[in-house]
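The structure appears below as structure tokens.
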Amino acid sequence: MDAWLLPRSRLGELIGALSARGYEVIGPTVRDDAVVFDSIVSDAELPSGVGDRQEPGRYALQARDDGALFGFAAAGHPLKRWFLLPEEPLFRVERQGSSLRFVPEPTRARKLALFGARGCDLAALAIQDRVLVADRYRDERYAARRSGTAIVAVHCGAPSASCFCTSMGTGPRAAGPWDLALTELTGSDHRFVVESGSALGLTLVRELGLESASVLDRVRAAKVPVVAAERITRKLATAGLAESLAQNPGHRAFAAAGERCLGCASCTQVCPTCCCTTLEDVTELDGSAAARHRRWDSCFDLDFSYLHGGAVRQSCAARYRQWITHKLSSWQGQFGTSGCVGCGRCITWCPAGIDITEEAAAVCGAPRKSE
Amino acid sequence: MTDPLLPEPMAVLRFRRETRDTFTLELDARPRGGFRFAPGQFNMLYAFGLGEVPISISGDPLRPAVLTHTIRAVGPTTRALGRLKKGDCVGVRGPFGTPWPLDEAQGKDLLVVAGGIGLAPLRPTILSALSRRPAFGRVCIAYGVRAPAELLYAKELERWRGRIDVDLEVTVDRGDPDWRGHTGVVTKLLRQFELDPPNTVAMLCGPEVMMRFAARELEGLGVPEPRIYLSMERNMKCGVGSCGHCQLGPTFICKDGPVYPLTKMTPLMSVQEL
Amino acid sequence: MEIASLARSLAEQPFCKELTQAQVEFLAGCAKNARFEIGDYLFREGSLAESLYLVRSGKVAIESYVPGRGSLKVDTLGPGDILGWSVLLPPFRWHLDAQALEPTLVFALDANCVRGKVQADQSFGYAFMLRLLAAASQRLMQARLQQLDVYKAELR
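Chains as they are written, first to last, in the numbering used here: chain U, 12 to 382; chain W, 684 to 957; chain H, 9 to 164.
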């Protein structure tokens with residue numbers, strides 16, 4: 012496979028080339044003591060020399076001494092908020108006498124280039140595509156924003172203690188489709204080995220006039236995700252998992268998790284595949300017009316399962332069971348894959364430090380690590 | 684293909700009060716060439732500025748010019764719908780959901796078991812069956828409500844009872860001094876019908892507890908589990924399977940249901956808070 | 009009436025399904041036919057329970073009188089239903105009223121006779137009690153479901 016060399020000093024040109032083509036570049040940057048994805052215009056905004064430490068209920072940035080630009084694991088927010096907007100107006104309702112007129116709101120779509128997306132991030136996008144575009148109902152707004160998205164992926168070299176992409180087959184090497192994929196090689200000669208996966212990728216390579224990567228660099232680059240995989244310690248045992256979850260709704264592991272779970276919905280916020288939404292109706296104060304918005308929702312919200320005077324899933328245990336069973340079991344029957352990509356964000360960002368891999372193992376009958 | 688998330692305005696042709704808290708809206712479907720649906724399906728009905736509710740279609744599938752819904756006022760949106768008059772407008776999205784398997788009942792005995800407002804989603808199936816009555820064996824209807832004042836479609840019930848080719852039994856949980864009919868739960872009525880249980884298709888709709896008890900009773904009588912159908916309910920928002928709200932275990936009620944065979948529901952109904 | 013033909017009719021009752029022919033004939037010795045017209049009371053609350061009834065046709069309302077609210081129906085029974093296990097349990101008095109809503113034909117089984125037979129023939133007694141228990145169990149399940157008041161609106 013062809014590979015090229017991009018010196019670190021020239022990385023900004025790649026961002027510039029994408030911008031020049033009309034893409035809004037979404038890349039990692041440091042904000043509020045975390046690495047998040049956001050609009051960037053130059054490589055100066057990338058998290059240079061920034062690493063992270065992630066584990067159950069803990070996230071902290073660390074300084075790196077190698078100036079790596081992608082030396083961290085899963086960014087605090089996933090990429091989903093650019094495609095399934097956290098809040099989006101769907102239509103206006105105008106009252107004309109006693110009749111109503113429903114006026115659809117135009118779709119807000121920008122051409123996006125995802126810069127620095129990891130294997131787990133891309134796997135999650137593919138999962139959301141399956142749910143929102145390739146199912147019975149095609150979400151046109153989501154589809155419009157996804158179409159034409161350019162992707163510059165990064166093969167992971169610095170997994171965290173929360174990561175378990177190896178169990179889910181989603182990393183550390185990013186599977187396609189991507190336009191370009193970068194592997195960072197730090198050292199005195201800080202550079203990137205670049206692979207192309209599309210016509211756009213090839214065009215960018217040619218436009219930047221990149222030289223071919225040496226055999227040695229290709230070998231070094233190939234090793235990066237392999238070494239990263241060896242460093243991943245967290246595992247999700249997937250054999251028989253879907254069946255165990257589906258067939259044991261009374262397992263005491265759910266009650267145990269429910270005791271610790273705060274129902275705060277952080278996990279669903281940071282999970283890159285969670286895409287539940289709700290529809291909210293609002294009115295002008297004078298009652299002349301109304302509108303409907305779609306916004307993110309979470310199965311941990313008490314109102315989520317509201318029916319006839321109360322929520323069906325009142326207890327935290329029931330809501331935790333719903334989330335983990337949907338993610339790791341029901342999703343299979345519904346959409347053909349697991350709903351989880353092993354990014355570990357739910358583990359890191361859970362204030363109670365609940366670990367999905369541990370809870371899953373408990374339901375499958377494995378003793379807890381703390382036991 | 685119109686956007687299933689965008690409501691369609693429809694005018695109220697007629698408002699009919701059924702009971703103290705239940706009413707029927709008949710909507711004008713003529714401007715859009717009729718509203719075709721299969722018995723058991725539902726629409727999302729929008730009351731201006733307030734929100735939407737999932738309501739089963741309760742009209743005659745052979746008369747698509749009028750779209751009918753029977754609604755119980757239990758919250759702000761349904762109460763707002765209950766204040767509508769002829770000429771007012773509602774938003775309609777649908778039809779959504781799986782229908783009652785009436786074709787499966789052809790050549791067999793058809794048993795309809797309705798509790799409370801559960802008769803509304805079953806009404807289109809009853810009308811459909813009666814419109815081609817010879818296609819079925821016996822047609823039996825068991826209908827239970829809380830009290831005589833809660834009976835829906837009173838005049839139509841009398842018409843159905845008057846037919847010699849229909850077996851209709853009605854019961855109330857609590858009778859008043861003038862009530863001369865059955866008193867007690869609807870499950871009691873099931874033994875009274877002359878059915879051929881192994882060749883019966885049963886369609887149940889009502890509060891989940893009532894359906895659980897009735898299903899057990901029917902299984903005890905010898906109706907095969909895959910031939911007992913229930914109409915299930917959960918929180919409903921988008922109606923098209925993308926918002927996640929209506930999941931009952933691994934199934935989406937808006938697109939895999941609301942009508943399910945008992946075989947699919949037995950493992951799910953026994954789990955609390957599912 | 010001849011016991012033999014009474015026994016044949018009695019045997020057709022669902023209640024007697026699990027009894028042997030001999031047991032049905034044994035029971036028939038306590039039975040006679042009875043008819044109630046619309047509005048007749050089969051029994052009233054508090055009175056001595058002198059018969060066990062098996063409904064052959066018609067409809068019987070089980071009622072309780074509540075001062076200020078009148079006679080409230082809690083149940084209706086029809087063909088195949090049994091009423092009156094009060095005859096076998098002290099204080100051998102009725103707990104509720106039973107009124108015929110339609111012309112109703114019943115088998116009336118004399119309480120003393122039934123009590124005597126249950127004690128005299130233990131294996132008959134066992135089979136009979138088991139049938140009563142089944143009927144009572146089903147009636148209790150139905151009463152529980154009725155009590156849940158499932159059609160009551162849950163208001164928001």
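Glycine included, C-beta positions come from ideal geometry on N, C-alpha and C.
- When 9 Å is used as the limit between beta carbons, residue 344 of chain U is near these residues of chain W: 933 and 934, in chain order.
- Between residue 66 of chain U and residue 359 of chain U, the CB-CB gap stays under 8 Å.
- Check the Cα spacing between residue 79 of chain U and each of U:162, U:52, U:58 and U:351: the tightest is with U:58.
- Apart from sequence neighbours up to five positions away, the residues of its chain that approach residue 42 of chain H with a beta-carbon distance below 6 Å are 114 and 116, ordered along the chain.
- Contacts with chain U at 8 Å (Cβ-Cβ) include residue 686 of chain W.
- When the alpha-carbon of residue 909 of chain W is set against those of W:769, W:917 and W:942, the nearest one is in W:942.
- Collapsing the DSSP output to three states places residue 27 of chain U in a helix.
- Taken through DSSP and simplified to helix, strand or coil, residue 798 of chain W comes out as strand.
- For residue 219 of chain U, the enclosing alpha helix (DSSP H) starts and ends at 210 to 219.
- Close to residue 731 of chain W, with beta-carbon spacing below 7 Å, are these residues of chain U in chain order: 104, 106, 111 and 301.
- For residue 17 of chain H, the enclosing alpha helix (DSSP H) covers residues 11 to 19.
- Taking 8 Å as the upper bound on Cβ-Cβ separation, chain U lies near residues 916, 917, 918, 920, 921, 923, 924, 925, 926, 927, 928, 930, 932, 933, 935 and 938 of the region 908 to 939 of chain W.
- The beta carbon of residue 867 of chain W lies closer than 7 Å to those of 854 in the same chain, with the five residues before and after it left out.
- Three or more beta-carbon pairs drawn from the region 259 to 270 of chain U and the region 362 to 377 of chain U are found closer than 8 Å, and the two stretches are therefore classed as touching.
- For residue 289 of chain U, the C-beta contacts it makes with chain W under 8 Å involve 920, 926 and 928, in order along the chain.
- Taking a beta-carbon distance threshold of 8 Å, residue 325 of chain U counts as an interface residue toward chain W.
- Residues of the region 758 to 782 of chain W with a C-beta atom less than 7 Å from some C-beta of chain U are 770, 771, 772 and 774, listed in chain order.
- The beta-carbon of residue 690 of chain W is placed less than 8 Å from the nearest beta-carbon of chain U.
- Those residues of the region 833 to 859 of chain W placed with their C-beta closer than 9 Å to a C-beta in chain H are 833, 854, 855, 856, 857, 858 and 859, ordered along the chain.
- With a cutoff of 8 Å on beta-carbon distance, residue 697 of chain W and residue 709 of chain W are scored as near each other.
- In the three-state scheme derived from DSSP, where H, G and I count as helix and E and B as strand, residue 817 of chain W is classed as helix.
- The Cβ atoms of residue 693 of chain W and residue 773 of chain W lie closer than 8 Å to each other.
- Against chain W, the CB of residue 315 of chain U has a partner CB under 8 Å away; the residue lies at that interface.
- The C-beta distance from residue 167 of chain U to residue 130 of chain U rounds to 7 Å, short enough to meet the 8 Å contact threshold.
- Neighbours of residue 828 of chain W in chain U, taken as residues whose beta carbon is under 8 Å from its own, are absent, since the nearest beta carbon is some 17 Å off.
- At least one CB atom of chain W sits nearer than 8 Å to the CB of residue 159 of chain H.
- The beta carbon of residue 178 of chain U is closer than 7 Å to those of 246, 247, 249 and 353 in its chain, skipping five residues each way along the sequence.
- If you check each beta-carbon in the region 734 to 758 of chain W against every beta-carbon of chain U, the ones closer than 8 Å belong to 734, 735 and 757.
- For residue 364 of chain U, the closest alpha carbon among the candidates U:308, U:283, U:270 and U:90 is that of U:270.
- Non-local C-beta neighbours of residue 954 of chain W in its own chain, meaning closer than 8 Å and more than five positions away in sequence, comprise 932, ordered along the chain.
- In this model, residue 938 of chain W and residue 764 of chain W are separated by some 25 Å (Cα to Cα).
- When the alpha-carbon of residue 87 of chain H is set against those of H:99, H:94 and H:109, the nearest one is in H:109.
- Distances from the CA of residue 90 of chain U to each of U:208, U:114, U:62 and U:285 were compared; the closest alpha carbon is that of U:285.
- Secondary structure of residue 886 of chain W (DSSP, three-state): strand.
- Fully contained in the region 275 to 357 of chain U are the following alpha helix (DSSP H) runs of length 4 or more, in chain order: 277 to 281, 327 to 336 and 342 to 346.
- Note that the region 828 to 838 of chain W does not touch the region 18 to 36 of chain H; fewer than 3 beta-carbon pairs, one per stretch, sit closer than 8 Å.
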